[in-house]
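The sequence shown begins at 46 in the working numbering and counts up by one.
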Amino acid sequence: MKRIASWIIKYRRLTIGITVLLTLFFSYHLRYIRINSDIVKSLPDDDSVAHYYKMIGEKYQGTAMGMIILECDNVYIPSVMNEIRQLTDTLKSIPGITTVTSLTNIIHIHSDTSGIVIGKLVDEYRMPVSRNDFDELRKKVNENDMYKGTLVSEDEKATMILFTLSSEVNQEEVSALIREKVQAMNLHSHVLYGGIPMMMRDLSEYIFKDMVWLVPLITIVLLVILFFSFRSLRGVILPVLTVAIASVWTLGLMILLHYEITMVGGVIPVVLFAVGSAYAIHVVNHVRHSSFGNQDGFIEALAYLLVPVFLSALTTVFGFISFIFGAYLIMIKDFGLFTAVGTLFSFILSVTFIPAILYYLPEQKASVHVSGSLQSVLEKYLLIPL
């Protein structure tokens, strides 16, 4: 271990330089990060049910169905009927939407004295205008259980428009385009969205929001703990910096390998901050007691740490790798894989980058003072066990 520790100190400038360059490289690629909330894509292909579900979607132009619900005082009035028709035509014009079904274009199958008649429930060239027209339409809807309570609500104050998305399109992008088009129409009716495609768009926003506030939150918690533990700037900054770099590397690697952030993958940085910081704390806590500026003492302290920190990281890595072999969903397997990689990055940075930085820092007495009782508690339960 002494030889490895010697190499780490000998090539400390190279270590810092490579770390900075890799961080800049991976940071650049973070601009291409993509969030995927489609749980269907996470179903394994070797599962027969999942396989047939995906195959049906490909063969019959998609299984992802969405809906738009218009709420109003009364469906059976000319203004609402015009809004339904406009919305139907708008959805048909959006690339990626394969079918649209609404009150104004649904096929109506019924029988009369001549036999079975197949036509449209509403004649698109002669939209209902008069009260008699709407009474006739109401009668047709109420006589058919497929329409009543589904296409038109029981209280006649809401109607539903169904649409199907192709399996070959980006459902989140199409969903966003649908919202944009509908909002631009300035409909008088209250608009509600439903279905898997529209939910995916909302889930993606939630995943992004969680990443935005969870990472700063755990960073603040970690900073507070380190502040009262080490009572020095280096003891606070270095562990946080290490896991931050490891998180950037992990996310950057995911992007380079064409992986997307899933509902589970969004917490990878949070897990790395919680788990990966332990290795940096070990190194900072132990090395700070060595003789700064004394290369032999520094190498001795680092060599003492390498094996226990490595074994600690190794057990954690194998724990996350177990997800790859035991999980059903692909997103869980991906989470295990990249969290393991991120943990490995945290370990490597803790035993290379941190010692390289610490070697150049002068010996510094703690400049932040805490009460004796608080200090003794932190030393007893946090630092001494390390």
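Glycine included, every Cβ here is placed at the ideal spot set by N, Cα and C. Model, not experiment: these values are computed from the prediction.
Helix, strand or coil at Ile-366 [DSSP, three-state]: DSSP places Ile-366 in helix when its eight states are reduced to three.
For Gly-141, three-class secondary structure by DSSP: coil
Contacts around Thr-307, its chain only, beta-carbon distance under 6 Å, and the 5 residues preceding and following it disregarded: Asn-81 and Met-376
Ile-152 - containing beta strand (DSSP E), residue span: 152-157
Touching by the beta-carbon criterion (3+ pairs, under 8 Å), the segment 233-247 and the segment 214-224: yes
Ile-265 versus Val-320 - alpha carbon distance: 15 Å
8 Å CB neighbourhood of Phe-70 in its chain, flanking five on each side removed: Gly-297
Runs of alpha helix (DSSP H) wholly within the segment 187-218 (minimum 4 residues, chain order): Within the segment 187-218, no complete alpha helix (DSSP H) run reaches 4 residues.
Of the residues Val-120, Thr-144, Gln-228 and Cys-117, the one placed nearest Ser-212, counting alpha carbons only: Thr-144
Best match in Phe-380, Leu-359, Lys-185 and Ile-61 for proximity to Phe-368 [C-alpha to C-alpha]: Phe-380
Same chain, Cβ closer than 6 Å to Lys-226, five either side skipped, listed in chain order: Thr-135
Own chain partners of Lys-202 with C-beta closer than 8 Å, once the 5 adjacent residues on each side are dropped: Glu-116, Cys-117, Asp-118, Asn-119 and Val-120
The segment 186-205 touching the segment 54-69, judged by at least three CB pairs closer than 8 Å: no
Exposure label - Gly-160; buried when at least 16 CB within 10 Å: exposed
Contacts around Val-332, its chain only, beta-carbon distance under 6 Å, and the 5 residues preceding and following it disregarded: Ala-346 and Leu-403
Inter-stretch contact (C-beta, 8 Å, three-pair minimum) for the segment 383-391 and the segment 349-367: yes
Straight-line gap, Asp-92 to Ile-241 (C-alpha atoms, nearest Å): 21 Å
Beta-carbon gap between Val-352 and Val-328 smaller than 8 Å: The answer is no: Cβ separation not under 8 Å.
Inter-stretch contact (C-beta, 8 Å, three-pair minimum) for the segment 228-242 and the segment 271-282: no
Leu-115 (DSSP reduced to helix, strand or coil): strand
Identity of the residue in Ile-252, Phe-383, Pro-261 and Phe-343 nearest Ser-51 by Cα: Phe-343
Exposed unless 16 or more other CB atoms sit within 10 angstroms - verdict on Ser-234: buried
Nearest to Glu-87 (by Cα), restricted to the options Thr-397, Gly-310 and Leu-374: It is Ser, not Glu, that sits at residue 87 in the sequence shown. The shortest Cα separation from Ser-87 among Thr-397, Gly-310 and Leu-374 belongs to Leu-374.
Contact belief for Thr-295 with Leu-317 at Cβ below 8 Å, rounded distance in angstroms: 7 Å
Beta-carbon spacing of Glu-250, Arg-79 below 8 Å: no
Own chain, CB closer than 8 Å to Ile-49, minus 5 neighbours either side, in chain order: Residues of the same chain with a CB within less than 8 Å of the CB of Ile-49, apart from the 5 flanking positions on each side, are Ala-348 and Leu-351 in chain order.
Buried versus exposed call for Gly-62 [16 or more other C-beta atoms within 10 Å across all chains shown]: exposed
Supposed close pair Leu-267, Ser-322 - CB separation, criterion 8 Å: 6 Å
Alpha-carbon to alpha-carbon, Asn-150 and Glu-169: Spanning the two alpha carbons is a distance of roughly 7 Å.
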